[in-house]
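Colleague:
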Amino acid sequence: MLDVTLARRLHDAGLRWHPATGDRFVIDRGEFVGDVFTISEMTIEAHEYPTGTVLGFNGTTEWALDSVAADQSLWLPREDQLRALLARSFRSLSRVPVAADAGPGADADPDADGVEYEVRVATPTGERVHRAADPEDAYAHALLAYIDASLTL
3 MLDVTLARRL HDAGLRWHPA TGDRFVIDRG EFVGDVFTIS EMTIEAHEYP TGTVLGFNGT
63 TEWALDSVAA DQSLWLPRED QLRALLARSF RSLSRVPVAA DAGPGADADP DADGVEYEVR
123 VATPTGERVH RAADPEDAYA HALLAYIDAS LTL
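Whatever position you read off the sequence shown (first residue = 1), add 2 for our numbering.
As structure tokens, then:
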């Protein structure tokens, strides 16, 4: 799942959310900090009003929350959504082995090696690579660079 800090950076960079079934989000207030919610017709629905989108919590009498404005919540885009936002600039996603740092004088443990995820995107000046421990984070870094580049053209 996308890191909340990266989701906030995407939001602050101008990425806007149009809530749909299956979307995940967080509410950074009160007792809801750290909870991840998913929009579903059964429990959480997006209601469109002239004043904005409201996320209604259905059948949640045990919570002290009936609804929240979409702009008071933070969207956590999924991997497929981030890839779609990169559109034609997306080239590939790869798993890349990363050797663990055993430290000075320590024997390297072959089982301690991990992986990172590498997203390759096309830019006007060639391909660019973005790496992270999670695929969604790698996509988010690529999308942040894409948004930044589009604002500086």
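All C-beta atoms in this analysis are idealised placements derived from N, C-alpha and C, irrespective of residue type, glycine included.
Ile29: which of Trp77, Asp139 and Thr55 sits nearest, CA to CA?
Modeller: Cα-wise, what sits closest to Ile29 is Trp77.
Colleague: Between Gln74 and the rest of its own chain, which residues show a CB-CB distance below 8 angstroms, the 5 nearest in sequence each way excluded?
Modeller: Cβ neighbours of Gln74 beyond the five flanking positions: Ile29 and Arg31.
Colleague: Within this structure, are the beta carbons of Leu88 and Tyr148 separated by less than 8 angstroms?
Modeller: It is a contact, given that the beta carbons lie within the stated cut-off.
Colleague: State the Cα-Cα distance for the pair Leu12 and Phe59, rounded to the nearest angstrom.
Modeller: In a straight line, the C-alpha of Leu12 is about 25 angstroms away from that of Phe59.
Colleague: Take Ile46 as the anchor and find which of Asp37, Ser69 and Thr53 has the nearest alpha-carbon.
Modeller: Nearest option by C-alpha distance: Ser69.
Colleague: In the structure shown, what three-state DSSP assignment does Ser13 receive?
Modeller: Sequence inspection shows His at residue 13; the Ser mentioned does not correspond to that position. His13: helix per DSSP, three-state reduction.
Colleague: Tell me which residues share the same chain as Phe92 and place their Cβ nearer than 7 angstroms to its Cβ, disregarding the 5 neighbours each side in the sequence.
Modeller: Within the same chain, Phe92 has close Cβ partners Arg85 and Val123.
Colleague: The alpha helix (DSSP H) that contains Pro87, what's its start and end?
Modeller: Contrary to the premise, residue 87 reads as Leu rather than Pro in this sequence. Per DSSP, Leu87 belongs to the alpha helix (DSSP H) from Glu81 to Leu88.
Colleague: Under 8 angstroms by Cβ, that's how I've got Arg130 and Tyr119 pegged, so tell me the actual separation to the nearest angstrom.
Modeller: Not quite, the Cβ-Cβ distance comes to about 15 angstroms (not below 8 angstroms), so this is no contact.
Colleague: With a 10 Å radius around its C-beta and 16 neighbouring C-beta atoms as the bar for buried, classify Val100 as buried or exposed.
Modeller: Per the 10 Å Cβ criterion, exposed.
Colleague: Pick from Ala144, Leu57 and Thr53: whose alpha carbon is nearest that of Met44?
Modeller: Of the listed residues, the one whose Cα sits closest to Met44 is Leu57.
Colleague: Measure the C-alpha to C-alpha separation of Ser42 and Asp82 and round it to an integer number of angstroms.
Modeller: Each residue's Cα considered, the two are about 18 angstroms apart.
Colleague: Where does the unbroken alpha helix (DSSP H) through Leu146 begin, and where does it stop?
Modeller: Pro137 to Leu153 is the span of the alpha helix (DSSP H), which, as asked, contains Leu146.
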